[in-house]
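Report on the following structure.
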Amino acid sequence: MTEEITITGRFPEVAVCKKVVNAYERNRAASDKCIAHYGAVCDVCTFEFATRYGSEFEGFMHVHHLRPLAEIGEEYEVDPIADLRPVCANCHAVIHWGGVTRSIEEVKSLLR
Numbered sequence: 003m004t005e006e007i008t009i010t011g012r013f014p015e016v017a018v019c020k021k022v023v024n025a026y027e028r029n030r031a032a033s034d035k036c037i038a039h040y041g042a043v044c045d046v047c048t049f050e051f052a053t054r055y056g057s058e059f060e061g062f063m064h065v066h067h068l069r070p071l072a073e074i075g076e077e078y079e080v081d082p083i084a085d086l087r088p089v090c091a092n093c094h095a096v097i098h099w100g101g102v103t104r105s106i107e108e109v110k111s112l113l114r
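Each residue of the sequence shown is one higher than the last, beginning at 3 in the numbering used here.
Written out as structure tokens, the structure is:
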């Protein structure tokens, strides 16, 4: 039996607020080298954008810093092989969900 639910009230989607945040610039060349080394395959779930969405997305993948960017000093030089891993957007979100940073192994253990 389906129950009809009446929704009352307003739900505005846009609220303007001013925020000051630290923005960390990523090194695109380092990301490219990481993907060239490991492949455009999620290190957590083995998802590949090109396999799922077509050749237009060949080589596309997010890159996760094994050491959180907030802990890295200004003079840090990233090693694309030792410091980065390719991860899909979903797994990257889970890695950082709730304000904590989970390891790749921890997120792998959550997969069902």
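Ideal Cβ positions, reconstructed from N, Cα and C, are used throughout, including at glycine.
Computed from a predicted structure; not experimentally measured.
Inset, instruction - Go ahead and pull the three-state DSSP assignment for V109. - result: helix
Legend entry - For V96, the first and last residue of its enclosing alpha helix (DSSP H): A91 to H98
Inset, instruction - Return the chain-ordered ranges of every beta strand (DSSP E) run that is complete within the stretch 26-94 and spans a minimum of 3 residues. - result: 64-67 and 86-89
Inset, instruction - Excluding the 5 residues preceding and the 5 following Y40 in the sequence, name in chain order all residues of the same chain whose CB lies nearer than 7 Å to its CB. - result: R87 and P88
Inset, instruction - Check whether the Cβ atoms of A32 and P82 sit closer than 8 Å, and answer yes or no. - result: Yes, the Cβ-Cβ distance between A32 and P82 is below 8 Å.
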